[in-house]
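A.B. asks: Handing you this structure, nothing more for now.
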Amino acid sequence: MRSRRRAVVVVCDSLCADLVTPDVAPALAALRAQGADFVSARGVFPSTTRTSSASMSTGCLPAAHGLLGNTMVLREQGALVRLSVGKPDFLERLRRATGRTLRRPTWAERLARQGGAIVMSNVSPGAAYLQDPDGFGHVYHRAGSRGPGGAALTDGLAIEVGAAGDRAMTDRFCREVLRERAPALAVLWLSEPDHTAHSVPLGSSEHLAMIAHADACVDQVRRTVEALDPAGDEILLVACSDHGMETVERKIDLDALLVEAGWKRSRESQEVVVAPNGNAALLYFADEARDAIPALTRWLEDQDFTGRVFAGQALAEIGLPTEGPLGLALALRHDASANPHGVPGRSVALLSPFSDSSPVGCAQHGGLGEHEQHPFLYLRGGGLRPGERRQPASLIDIAPTVLRHLGVAADGMQGRALPHCSRRAASFAPPMPDGFVTHAREGPACASPSPGHPHHSKKKMKRQRRFTPVIAGGAMLAIGACHAQSSVTLFGLIDTGVAHYRVHGKGSQTALASDGLASSRLGFRGQEDLGGGLSAGFWLEASLAVDNPTSFDLARRSTVSLAGPWGELRLGRDYTPTYLIQSDFSGPWVTNGVGESIVYRGRATLYGSANAGQSSHVRVSNSVGYFLPRDLGGFSGQFQYGLPEAVDGGDAERYLGGRLGYRQGAFRVGAAYSRTMGGPKAPTTRPRDIRSASIGVAYDFGVASVEALYAQDRVEMPLGHKRFEGATVGVTVPVGPGEIRASYGQVAFRYPGDRSRASKIALGYVHHLSKRTALYATFAHVRNRRGAALTVGGDVAGLADHAASGQNFGVRHAF
């Protein structure tokens, strides 16, 4: 027996907690009695296997990890393309379309150097590979088995989907993975009872036989674990399902209905592209059709097949992104009536172009029905005491629970290690129908919500009974007296490498330099849910000089905020609107390394020679800022006021600034204007007035992303005026696991007696070793004219009319 800690996870696909009974599933019922039973466990939305797999492996909701359903729509060559996530080639198409697979690291990635992970799965290829999409561990599947680096394995899993394949896989899992190879994490994902239930009624003899089959597989794993760890201290055993199922009472062809109602010109047209996900649908919109979202929402709410429609910020309430081509989420109508075998839960389902399974009378999932959203979750070993746990729990809590047992950090995960009961965030649970009992957390301080409680709200929907939002985790509401969600996150980034700077005709320098690709930093941020849509937060962030860490302050950002449906109010030291526009549209580089934007360098030169005291073109202290809500049809904006805090009450060092942006699909545009006042009594070395303006535009063509920026500044000095103009264009081209970067820019200074100009070209490559770690190389060259003396960095002072160049090579790691 291995002495180090391990975790074993067994997933019985689609097995609702209500169907785990001693007569049908005696092993699971016994495990429930012997272990910790999380009776309020919930799934994610859509309640599909592929989404659940990504949520389980990352500990995050779909909005964070980016895998939104069994069926998704990607933008390929400018067109919206509907794809099945289950196909073996989907992840490669996702990588080509977005430059990555999942947006958050999986548990296999986190454990790559901590004992490793081995997954054996008999569900769809897509769901299996989402456990480890980037090849940090081993994934065994009948469609192809992969090892570290994605290398094909010769000892693959030659089985068929269904009960026989599950049995063969379980035998090998117990013998080879658990007894012989003993990784830190071992995952077994069974295809039953899901595979059979899609074609037979729930509760039928065929369905119950598959539950019994899955129960036998779990029992085999349990007995193996007990033999390896009799005391139950070293191995944490997790037995669970990803979701439940509902009986299909009716199937609809949503594409045909949208064409008939005039929302689509044809099934293949691009205005609205439907991604069917069983008992739910995700609707993606072409850029020119997004104005139709409010009207289509109202139309859908009037249909008899509709349960709930989510749009705008409401998408975040169910864990989906509020930006990008996704515009609407539709949960189809469901009720609690029983089928002929006495199993409750019926739902309308969608026809799918990728599958003809789940006929009327059989089972489906994907929506918000109380039974499809009620998986089971049992934990045994690892020091956990047995018994019921009535606290909210979710699939996204499994990974942090496993990592805690293994002693590995779960930073960045939205789920929380179980069990927990505190005033911190609970687990995510989608909105459930009224009358579906959710349980309070453990402990005297945790009580169920009662009518009249601020988090016990109800909303009447057309042709649908009322709903009680039971939302917890991430930025969502928790339950009962434990409602005040609060979280504190430590985050940071370390970037360092070797840089070479040269000023032609003068000298050169080679140095270990920080911030070659991104700014090194260490920060703390937190958020508390105040209820009623309000939240409070703080952000404290300090710069780090990795090559010579002699100081630490919180000058990057120090703010406290209050946010709600009306927007966000932010107080403290914060980034200026003009800098944020500059950052959004300067191309691959903004302030970092030899490739830094020449507009940024030019403005720094201008502001360095015209210091306005408290204000700069990057940040403002003593500021009050307001940010527009995020659901304004693609518009965004900010207004910022920096208090002068002058003793005499004058305008000295007063700051005013604002920005407005618009985003529609792959297109972005933004503009900003600011004014910093020095006051009429400013000394001759200080400005009386600084005015800055910026405008930017960007478009993502898929194969390349292009950004362009124009900036103009005017500084009123007691002895004359200074003017600055700058423009830059940048392009980023995804190439395999990395990206090629390039930019070109020009600046012009118009001082009294000075008409200097400079231009700069930069070229670089970033190679992503993981989602958090990258290697990079950058080359840059500056041409100075008419007396300009800009450099690419370093300690070698510029020389008028002489070129400067440089290179840097380094590594960036975020945490």
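Number 396 in the working numbering belongs to position 396 of the sequence shown; there are no gaps in the numbering. Every residue, glycine too, gets a C-beta built ideally from N, C-alpha and C.
1) When the Cβ atoms of the region 567-575 are set against those of the region 756-767, are three or more pairs found closer than 8 Å?
2) For SER55, which residues from the same chain have a beta carbon less than 6 Å from its beta carbon, with the 5 sequence-adjacent residues on both sides left out?
3) Could you tell me whether the region 778-792 touches the region 594-601, using the rule of 3 or more Cβ pairs below 8 Å?
4) Under a Cβ-count criterion, where at least 16 other Cβ atoms within 10 Å of its own Cβ denotes burial, should SER692 be classed as buried or exposed?
5) Determine contact between the region 87-106 and the region 15-25, defined as no fewer than three beta-carbon pairs at a distance below 8 Å.
6) Measure the CB-CB distance between ARG675 and LEU406 and report whether it falls below 7 Å.
7) Report yes if the CB atom of SER347 is closer than 7 Å to the CB atom of LEU332, and no otherwise.
8) Leaving out the 5 sequence neighbours to the left and right, which residues in its chain are closer than 7 Å to HIS341 when beta-carbon positions are compared?
9) With respect to 6 Å, is the separation between the Cβ of ARG172 and the closest non-hydrogen atom of the ligand GDP below this value?
10) CA-CA distance, THR196 and HIS243?
11) For PHE854, which residues from the same chain have a beta carbon less than 6 Å from its beta carbon, with the 5 sequence-adjacent residues on both sides left out?
12) Going by Cα to Cα distance, which pick from ASP553, SER84 and LEU315 is closest to SER352?
13) Report the option in THR605, SER57, GLY661 and THR496 whose CA atom is closest to the CA atom of GLU819.
14) Assuming GLY165 is part of the alpha helix (DSSP H), what are its boundary residues?
15) Taking just the CA atoms, how far does ASP495 sit from HIS813?
16) Who are PRO125's beta bridge partners in DSSP?
17) Could you give the distance in angstroms between the alpha-carbon of ARG265 and the alpha-carbon of GLY564?
18) May I ask you to verify whether the region 7-14 touches the region 171-188, counting CB pairs closer than 8 Å and requiring at least 3?
19) Which first and last residues belong to the beta strand (DSSP E) in which LEU557 is found?
20) With three or more C-beta pairs closer than 8 Å as the rule, is the region 116-124 touching the region 182-192?
21) Sort ALA774, VAL796 and GLY307 by Cα distance to PHE809 and report the nearest one.
22) Just checking my contact of VAL309 with THR297 at CB under 8 Å: how many whole Å lie between their CB atoms?
23) Hey, how far is the Cα of GLY361 from the Cα of ASP194?
24) Distance check for LEU257 and GLY59, CA to CA, integer angstroms please.
25) Going by DSSP, what residue range makes up the beta strand (DSSP E) through ILE690?
26) Figure out for me which residue from VAL218, HIS213, ASP132 and PRO133 has the closest Cα to the Cα of CYS174.
27) Measure the alpha-carbon distance for PHE354 versus GLY86 and round it to whole angstroms.
28) Just the Cα atoms here: how many angstroms apart are ALA239 and GLY126?
29) Could you say which of LEU185, ARG783, ASN277 and VAL620 lies nearest to ILE398 if we only look at CA atoms?
30) Which ranges would you report for the beta strand (DSSP E) in the region 309-376 if only whole runs of at least 3 residues count?
31) Starting from MET210 and walking both ways along the beta strand (DSSP E), at which residues does that stretch end?
32) Using a Cβ-Cβ cut-off of 6 Å (strictly less than) and excluding sequence neighbours within five positions of GLY69, which residues of its own chain qualify?
33) Specify the secondary structure class of SER520 as computed by DSSP and reduced to three states.
34) Compute the Euclidean distance between the alpha carbons of GLN664 and GLY696, then round it to the nearest angstrom.
35) For ARG416, which three-state DSSP category applies?
36) With a 10 Å radius around its C-beta and 16 neighbouring C-beta atoms as the bar for buried, classify ASN339 as buried or exposed.
C.D. replies: Walking through what the data contain:
1) No, because fewer than three Cβ pairs between the region 567-575 and the region 756-767 fall closer than 8 Å, the two stretches do not touch.
2) Looking up residue 55 in the sequence shown gives position 55. Within the same chain, SER55 has close Cβ partners VAL44, LEU395 and ILE396.
3) Between the region 778-792 and the region 594-601, the count of C-beta pairs closer than 8 Å reaches three or more; the two stretches touch.
4) Here residue 692 is taken as the residue at index 692 of the sequence shown, counted from 1. Within 10 angstroms of the beta-carbon of SER692 lie 16 or more other beta-carbons, which makes it buried.
5) Under the 8 Å Cβ criterion, the region 87-106 does not count as touching the region 15-25, having fewer than three qualifying pairs.
6) Start at 1 with the first residue of the sequence shown, and residue 675 comes out as number 675. Start at 1 with the first residue of the sequence shown, and residue 406 comes out as number 406. In this structure, LEU406 does not lie closer than 7 Å to ARG675 by Cβ.
7) Translated into positions along the sequence shown, residue 347 becomes position 347. Translated into positions along the sequence shown, residue 332 becomes position 332. The answer is yes: Cβ separation under 7 Å.
8) For the purposes of this step, residue 341 is taken as residue 341 along the sequence shown, with counting starting at 1. Cβ neighbours of HIS341 beyond the five flanking positions: PRO201, LEU202, GLY203 and SER204.
9) This structure simply doesn't include the ligand GDP, nor any ligand for that matter.
10) Indexing the sequence shown from 1 puts residue 196 at position 196. Indexing the sequence shown from 1 puts residue 243 at position 243. Put simply, the backbone Cα of THR196 is about 15 Å away from that of HIS243.
11) This structure gives no information on residue 854, because the portion of the chain shown stretches from 1 to 815.
12) Mapped onto the sequence shown, residue 352 falls at position 352. Scanning ASP553, SER84 and LEU315 for the CA closest to the CA of SER352 turns up SER84.
13) Residue coverage of the chain in this structure runs from 1 to 815, which leaves residue 819 outside it and unanswerable.
14) One-based indexing of the sequence shown puts residue 165 at position 165. Residues 163-172.
15) Here the question's residue 813 lines up with position 813 in the sequence shown. Here the question's residue 495 lines up with position 495 in the sequence shown. In a straight line, the C-alpha of HIS813 is about 6 Å away from that of ASP495.
16) For the purposes of this step, residue 125 is taken as the residue at position 125 of the sequence shown. Paired residues: none, contrary to the question.
17) Reading the sequence shown from its first residue, position 265 is the one you call residue 265. Reading the sequence shown from its first residue, position 564 is the one you call residue 564. Distance between the alpha carbons of ARG265 and GLY564 is about 38 Å.
18) Counting C-beta pairs closer than 8 Å gives three or more between the region 7-14 and the region 171-188, which meets the contact rule.
19) Counting from one through the sequence shown, the residue named residue 557 turns up at place 557. Residue 557 is actually Arg in this sequence, not Leu. From DSSP, the beta strand (DSSP E) with ARG557 extends over 557-564.
20) Result yes; three or more Cβ-Cβ pairs closer than 8 Å.
21) Along the sequence shown, one-based indexing puts residue 809 at 809. When each option's Cα is compared against that of PHE809, the closest is ALA774.
22) Locating residue 309 in the sequence shown gives position 309, counting from the first residue. Locating residue 297 in the sequence shown gives position 297, counting from the first residue. Indeed they touch by this definition, with Cβ atoms about 5 Å apart.
23) Position 361 of the sequence shown holds residue 361. Position 194 of the sequence shown holds residue 194. The alpha-carbon atoms of GLY361 and ASP194 are separated by roughly 15 Å.
24) Start at 1 with the first residue of the sequence shown, and residue 59 comes out as number 59. Start at 1 with the first residue of the sequence shown, and residue 257 comes out as number 257. Taken atom to atom, the span from the alpha-carbon of GLY59 to that of LEU257 is near 36 Å.
25) As a working note, residue 690 is residue 690 in the sequence shown. Counting along the chain, the beta strand (DSSP E) containing ILE690 begins and ends at 689-700.
26) As a position in the sequence shown, residue 174 is number 174, starting the count at 1. Relative to the Cα of CYS174, the nearest Cα in the group VAL218, HIS213, ASP132 and PRO133 belongs to VAL218.
27) The sequence position of residue 354 within the sequence shown is 354, counting from 1. The sequence position of residue 86 within the sequence shown is 86, counting from 1. Taking the Cα positions, PHE354 is about 10 Å away from GLY86.
28) Along the sequence shown, read from residue 1 onward, the residue named residue 239 stands at position 239. Along the sequence shown, read from residue 1 onward, the residue named residue 126 stands at position 126. In this model, ALA239 and GLY126 are separated by some 21 Å (Cα to Cα).
29) Counting from 1 along the sequence shown, the entry for residue 398 is found at position 398. It is LEU185.
30) Assignment of beta strand (DSSP E) within the region 309-376, counting only whole runs of 3 or more residues, yields 326-332, 334-338 and 344-350 in chain order.
31) Taking the sequence shown and counting its residues from 1, one reaches residue 210 at position 210. For MET210, no beta strand (DSSP E) segment is defined; the enclosing uninterrupted segment is the alpha helix (DSSP H) at 205-228.
32) What you label residue 69 is simply residue 69 of the sequence shown in a count that begins at 1. Here GLY69 has PRO46, THR48, THR51, ALA275, ASN277 and LEU282 as same chain residues with Cβ atoms under 6 Å from its own Cβ, once five neighbours each way along the sequence are excluded.
33) Translated into positions along the sequence shown, residue 520 becomes position 520. In the structure shown, SER520 sits in coil (DSSP, three-state: anything other than H, G, I, E or B).
34) Numbered from 1 along the sequence shown, position 664 holds the residue referred to as residue 664. Numbered from 1 along the sequence shown, position 696 holds the residue referred to as residue 696. C-alpha separation (whole angstroms): 14 Å.
35) Locating residue 416 in the sequence shown gives position 416, counting from the first residue. In this structure, ARG416 counts as coil in the three-state DSSP scheme.
36) Position 339 of the sequence shown, counting from 1, holds the residue named residue 339. By the 10 Å Cβ count, ASN339 comes out buried.
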